[in-house]
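Numbering (our numbering), first residue to last: 3 to 949.
These notes are about the structure you will find just below.
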Amino acid sequence: MERCRNIHRKSDKSDKISAKSIKRYSTIQKLSLPVIRQLYQLMTKGKHALNFMFFEMDKRGQKKYVDAPEETLSTYHESFLYGRVPLTIKVRAALRAGKIGYTLALVEFVLALLSVILYIRSTYTSWNPLPVRVLEIFASMYFVVDYLLKVYSAPFRVLYIFSRTGLVDLLSALPVIYVFQNSARDTASAIQLLRFLRILRLFHLIRRLGVIGSTVMQQIFVLVMYTLGIVFVMSGFFQYAEWSSNHCHVSDSEATENCIDFYGAFYFMIVTILTVGNGPSAPTSEMGRFVVLITIFLALTILPVQITKISDLTSRRPYGGTYSARGVLGARFDYAVEDAGQMAGALSVHQYCGPNVRIITELLNPENLQSDIWEGLPGNIETICPQQLRFQLLARSCYVKGLSTLVSNLFVSAVTFHPPEEDTWEEEYCYGLEHEVYPVLLPEVFHNRSFKEVAEFVYVEFSVLLIGLDITASLKSPEVSQMDGYVLMFPKDHRIGENDVGIIIAESLAAVQAVSAFGATQRTLASFLSSGISTSVDTKQLWEETQAKWEELDDYGDTELSEIRSALSAISSKQRGRVIQIDQTGADQVSQEISERILAWPPKILPGKPRLPVIATHENAICANLRERTVSSVKFQNHILVCCECQWPRNLYYFVDHLRLPGFPTPPIVILSPHEPKPEQWGCLGIFQDVFYIKGTATSKLDLFRAGLPSVKHVVVLTEDLSEARGFSSEDDDTNASNNMYANDLTNTIVVTVVEGIHRKLSKERLKRGGLRRDDVKQEGCVTAELRYNPTFRYVKPLTQIDPLTEKKMSNKKTRDGLYMFLPCYAEGKAFAPDMLDYVLSSSFTNKNTVSLVEGFIIGKPAGDRSQVVLDMIDTPSDCDGLTYLEVFRKLLAERDMLALGLYRATSRSSTTPYVFTNPWHDVIINEDDRIYVFWTKTANNKSYRA
C-alpha cells in the first residue's frame with residue numbers, strides 16, 4: 003500500500019514537471035514565433051533584394067530604348083515602335099527567330115546528333131582519323147560560342163545560367179576540354195561523356211522547329227522522344243558506370259568479362275524499361291545498379307504522364323470521343339451566362355492584380371459594353387464585342403464592296419504563303435495581304451507640318467500609307483484618359499505634334515522603322531537631299547514643293563487642340579447618359595409619366611436596343627407591327643435583302659441600326675426567312691422605318707423574285723449564332739451544333755449560287771436589249787455570305803485550288819483555319835468569316851487602339867463642324883483612266899482631299915472575279931472598271947460620294 007502511494011506521489015510529481023515543461027515550451031514558442039517570423043521576413047526581403055540586384059545588373063543594355071511619352075508606351079507594344087536597340091537584343095533576335103535562327107537551329111540539331119554518334123563510336127574503337135577529329139573540334143567550338151552568345155544576349159543572365167536550358171547548354175560546351183587533352187586513355191573520362199549529353203538539346207530543338215500533325219500526334223511524338231531519350235541517356239551512363247568500375251578500355255587487346263559495350267547497355271535498358279526481364283546481362287557494379295534504379299524511377303514518373311495526356315486528348319472532341327451537345331450549348335454558348343462569367347473574371351483579376359495590369363474582356367452581348375458594372379473602374383479593363391463589329395461591318399459592306407476583306411487583312415498577322423506567279427491576280431492580292439496597320443513614331447522633321455503633305459511625301463518615298471494620328475499624348479485632359487486614347491482618321495489639316503503617333507499601313511515592320519528613323523541623323527532638309535537616300539527626281543521635286551508649302555504656313559498654335567478638347571467634352575458628356583430633371587411638385591404623376599415614357603415602344607427616352615421588359619410590355623403592339631410589315635412581295639429599288647435560312651441572329655439590330663445612321667444612305671431593308679420572328683426579335687427591328695419581312699427561303703428563285711432580287715442593291719446571307727443551335731432532344735442525341743452549322747454553311751453557298759445565277763441571266767437579257775449599264779455589270783458581285791467553316795469557302799464559285807506549298811506553310815504555322823484567305827470568294831469580299839474578328843481583335847494585346855481603328859474603318863471618325871471622315875469606295879475618275887496608281891494617289895489627294903488606300907479590281911490579269919488590292923505598287927496602271935478605296939471628309943449635306 004505504501005509502495006502504491008509512493009508511486010502515486012512520483013506520478014503526481016512527474017505530472018507537475020511535465021506541466022511545467024509544457025508551459026515553459028509554450029512560453030518559449032510564444033517568444034520565438036515572432037522572432038522566427040521576423041527572420042523569415044528578413045530572409046524574404048533579402049531574397050527580393052538579391053533578385054532586384056540581379057535584375058538591375060542584368061537589365062543594363064538588355065532593354066530597347068524608345069523615345070516616346072509614357073502614354074504612348076502604355077498604348078503600343080515597344081516591339082512596334084522604333085528606338086535604339088542594343089546589340090544584345092539584336093543578337094537574341096537573330097538566335098531565336100528569322101532565317102538565321104532557323105538555320106542555326108538546324109546546324110545545332112545536326113551537330114548534337116553527330117556528337118552522340120561520335121561518342122557511341124568511341125566506345126568501340128580508339129582510332130580517330132583526321133575528319134573525325136576536325137568534326138569534334140568544330141562541334142565543341144560551336145557549342146562554346148553558342149553558349150557565350152546566349153549568356154551575352156539573355157535578358158536576365160543569372161536566370162539563364164541557372165535555368166534548365168542554360169545548364170544543358172553549359173554541359174554541351176564543357177566537352178571542349180576534351181579537344182585539348184592528350185591523354186592516351188581519355189576515352190573513359192567523364193568530360194568525354196558530356197558529349198553524349200548533347201542529346202538533351204534535341205528535345206528543345208525539336209520543340210522549336212515544330213512538329214507537323216494534330217495535337218494527338220504531337221503528344222505521341224513527344225512520348226516516343228521521351229522514351230528514346232531516357233533509353234539513350236541512361237544507356238550512356240550505365241555503360242560508363244560499368245566501364246569505370248571494371249577499368250575497361252577500348253584499347254585493351256582483350257576485354258574483360260564484365261565490360262559491356264554501348265549496344266549491350268542499350269539492349270539492357272530497353273528490356274528494363276519494358277519490364278520483360280534482365281536478359282543475358284546484369285549490372286555488376288554499385289554505380290551501375292544505382293543508374294538502373296534512376297532509370298526505373300524516371301520511366302515510372304515520366305512515361306505514365308505522357309500516356310495520360312494522350313488518353314485525355316483522344317477522349318475529347320474533335321480528336322475522338324463524344325459529348326452532350328445540349329450540355330455544351332447550354333453551359334458554354336449561352337450569351338448571358340458567358341458574359342456574366344467574363345465580367346466576373348475581369349473583376350476578379352482586377353481585384354487580385356490591381357490597376358497596373360491590362361485586362362481585355364470579350365463580351366457577346368453589345369449591351370454589356372455600357373453596363374453599370376464598369377462605372378468607377380480604372381482604364382485597365384478594356385471591353386470588346388466582336389458581335390457588334392460583325393453586323394456593322396456587314397452593313398457597311400453593302401455600300402463598300404470588299405470592306406470585310408480589306409479590314410480583316412489589315413489586322414490579321416502570321417500569314418505565310420508561297421510566292422505566287424508573276425503577272426497574276428494572286429500576286430497583287432497577296433502583296434496587299436502582307437500589309438498591316440502599325441503605329442509609328444514620326445521623326446522630328448515631320449513635326450509642326452500638315453498631315454496631308456506629310457502623308458503624300460511618306461507614300462512617295464516609302465510606299466507607306468499614313469492614315470491617321472493618335473493624339474492621346476498631346477491631349478492632357480481627363481476626358482482622353484477616360485476614353486483610353488483618341489485617334490484621328492485622315493486629319494488632313496491637322497498639324498503634327500511632337501507627341502503624336504502616326505497610324506500607317508505598311509508591308510513590313512522594316513518599312514515602319516524606315517519612316518520613324520528618317521531624319522534622325524539628317525536634321526535638315528539640305529542634309530537629306532545631299533545624302534543620296536533617294537535619287538528619284540519625283541521625290542526631290544515633291545520634297546521641294548512640300549518645303550515651300552510649309553514655309554507659307556503659320557507657326558503651330560493651340561487652337562486645334564482646344565477645339566478637340568471641347569469636342570471630347572461633348573462626346574464624353576453624351577456617353578455619361580442623359581440626366582432628367584424632375585420638379586418635386588407632383589412627383590408621383592411625373593414619375594408615372596417618366597415610367598411610361600421609359601417603357602414606351604418604340605423608345606422615346608432611352609435610345610438604343612429595346613430591353614426585354616419593354617418588349618414584354620408591348621408584345622401585342624409588336625405583333626401588330628409585324629403583321630403590318632409582313633408582305634408577300636416588294637417593288638423597291640436599291641434595297642438591302644437579308645437572307646436568314648437559320649434562326650434569326652440575336653444582334654441583327656446593329657445591322658439595321660448602322661444602315662440608319664445620320665448622313666448615310668437609309669435604304670429599305672427586306673428580311674427573307676422561313677422562320678417567323680418572335681416578339682423579342684422583331685421588337686428590336688420594328689422600331690426602324692422601312693424594314694419588312696417576307697416568309698420564304700432564299701434557295702427558291704420564286705421567293706427571291708418576291709423579295710425584289712432584280713432591283714436589289716446588296717444581298718447579305720447570315721449564318722447561325724452559336725447559341726441558336728436547336729434540335730437536341732436528349733443527352734444521347736447524335737446531332738450536334740457542328741453538324742447544324744456546317745449544313746447551314748452549305749445552304750448559304752447554295753443561296754450565293756442561286757443569287758449570282760439570277761443576276762447573270764438578267765445581265766445577259768439586258769445586254770441583248772442594249773440597256774446594260776456600267777453598274778449592271780458590277781451588280782453580279784452584290785452578295786456577301788457568312789461562312790464559319792474553312793472547307794465551305796471552297797464550294798463558293800469560282801472553284802479554285804490553293805497552292806499546296808501555301809497550304810503546307812499555313813499548316814506549319816498552325817494557321818490552317820485561315821486558308822480561305824487565299825480563295826477568290828474571300829478576296830472578292832463575297833464570303834466572310836465572323837470568327838475572323840476574333841483574330842482581328844487579338845491585336846488589341848499590342849495595340850490598345852485596335853477597336854477604335856476598326857471602328858474608324860467601318861463607321862468613321864468625327865472631324866468637327868458636323869463632318870466625319872469615312873472610308874468609301876469611288877469609281878475611277880474619267881481623267882484617271884490609264885494613269886499609274888502613284889499619279890492617281892497624288893491627284894485625288896491634291897484635288898479632292900481624298901486619301902487612297904487601295905483598289906477593288908475588276909476582272910483582269912487571269913482573274914474571273916474582282917479582288918481587293920491594298921496599297922498597290924506605284925507603277926500599277928488604273929483601269930476604268932477599277933474602284934478606289936478612299937478616306938474623305940463627309941459633311942452632313944452629302945450622303946455619299948461618286949465620281
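Every residue, glycine too, gets a C-beta built ideally from N, C-alpha and C.
Bear in mind that the values here come from a model prediction, so they are computed numbers and not experimental data.
query	result
If you draw a straight line from the C-alpha of T310 to the C-alpha of L225, how long is it?	10 Å
Let me know if F140 comes out buried or exposed under the rule of 16 or more other beta-carbons within 10 Å of its beta-carbon.	exposed
Cutting at 8 Å between CB atoms, please list the residues of its own chain near W938, excluding the five before and the five after it.	F492, V871, V872, D874, R898, D899, M900, L901 and Y947
With 8 Å as the threshold, decide whether the Cβ of E889 is near any Cβ in chain C.	The chain labelled as chain C is not found in the depicted structure, where only one protein chain is given.
Should Q683 go down as buried or exposed, given a rule of 16 or more other Cβ atoms within 10 Å for buried?	buried
Assuming I689 and P615 form a contact by the criterion Cβ under 8 Å, report the distance between their Cβ atoms to the nearest whole angstrom.	So it is not a contact: roughly 15 Å between Cβ atoms.
Taking C-alpha atoms, which residue in D692, I469 and E446 lies nearest to A519?	E446
Look at L764 and V714 and say whether their C-beta atoms are less than 8 Å apart.	no
Relative to the C-alpha of V918, which residue among L905, V926 and I506 is closest?	L905
Out of T886, V307 and E377, which one is the CA nearest neighbour of P922?	T886
Rounded to the nearest angstrom, how far is the Cβ of S174 from that of L199, given a contact under 8 Å?	7 Å
Using 8 Å as the Cβ pair cut-off and three pairs as the minimum, do the region 394 to 412 and the region 469 to 477 touch?	no
What distance in whole Å lies between the Cβ atoms of K606 and L895, which are believed to be in contact at a cut-off of 8 Å?	Not really, about 45 Å apart at Cβ, beyond 8 Å.
Going by the DSSP bridge assignment, what does R497 pair with across the sheet?	S452
Residues bridged to P792 by DSSP?	In the sequence on display, residue 792 carries Asn and not Pro. According to DSSP, N792 bridges with nothing at all.
Any idea which residues DSSP pairs N849 with across the strands?	Y78
Please report the residue range of the alpha helix (DSSP H) in which G356 lies.	Note, G356: premise wrong, no alpha helix (DSSP H); not H, not E.
Need the endpoints of the alpha helix (DSSP H) that S702 sits in, please.	Premise fails: S702 is in no alpha helix (DSSP H) and is neither H nor E.
Report buried or exposed for Y641, applying the criterion of at least 16 other Cβ atoms within 10 angstroms of its Cβ.	Residue 641 is actually His in this sequence, not Tyr. Looking at its Cβ environment, which holds 16 or more other Cβ atoms inside 10 Å, H641 is buried.
Assess, as a yes-or-no matter, whether the region 827 to 843 is touched by the region 788 to 800 under the definition of 3 or more beta carbon pairs within less than 8 Å.	yes
Hey, could you find the ends of the alpha helix (DSSP H) V616 is sitting in?	L614 to T619
Write down the C-beta distance between V756 and K832 rounded to the nearest angstrom, noting that I regard them as a contact closer than 8 Å.	Contact doesn't hold; Cβ gap of about 14 Å is too wide.
Which of the three DSSP states is assigned to T939 in this structure?	strand
When we look at the beta-carbon of R451 and count the other beta-carbons within 10 Å, is it buried (16 or more) or exposed?	buried
If I measure Cβ to Cβ from A333 and keep anything under 8 Å in the same chain, skipping five residues before and after, which residues do I get?	Low per-residue confidence applies at A333: pLDDT is 37, beneath 50, and the placement is therefore not dependable enough to give any value.
Per DSSP, what kind of secondary structure is A284 in: helix, strand or coil?	coil
Quick one: what's L873 bridged to in DSSP?	F937
Hey, would you say L408 sits closer than 8 Å to C387, going by beta carbons?	no
Count the other CB atoms, across all protein chains shown, that sit within 10 Å of the CB of E364; report buried if there are 16 or more and exposed otherwise.	buried
Taking only the alpha-carbon atoms, compute the straight-line gap between V134 and P806 and give it to the nearest angstrom.	41 Å
By how many angstroms is the C-alpha of V489 removed from the C-alpha of S854?	7 Å
When you measure from the CB of L113 to every non-hydrogen atom of the ligand MG, does any distance come out below 7 Å?	You won't find the ligand MG in this model; it holds no ligand whatsoever.
Leaving out five residues on either side along the sequence, give the residues of the same chain with a beta carbon under 6 Å from the beta carbon of Q390.	P368 and Y656
Closest to L115 by C-alpha separation, out of S465, V235, V439 and V672, would be which residue?	V235
Rounded to the nearest angstrom, what separates A156 and G85 at their Cα positions?	19 Å
Please identify the residue among N382, L769, Y461 and L720 whose C-alpha is closest to the C-alpha of L748.	L720
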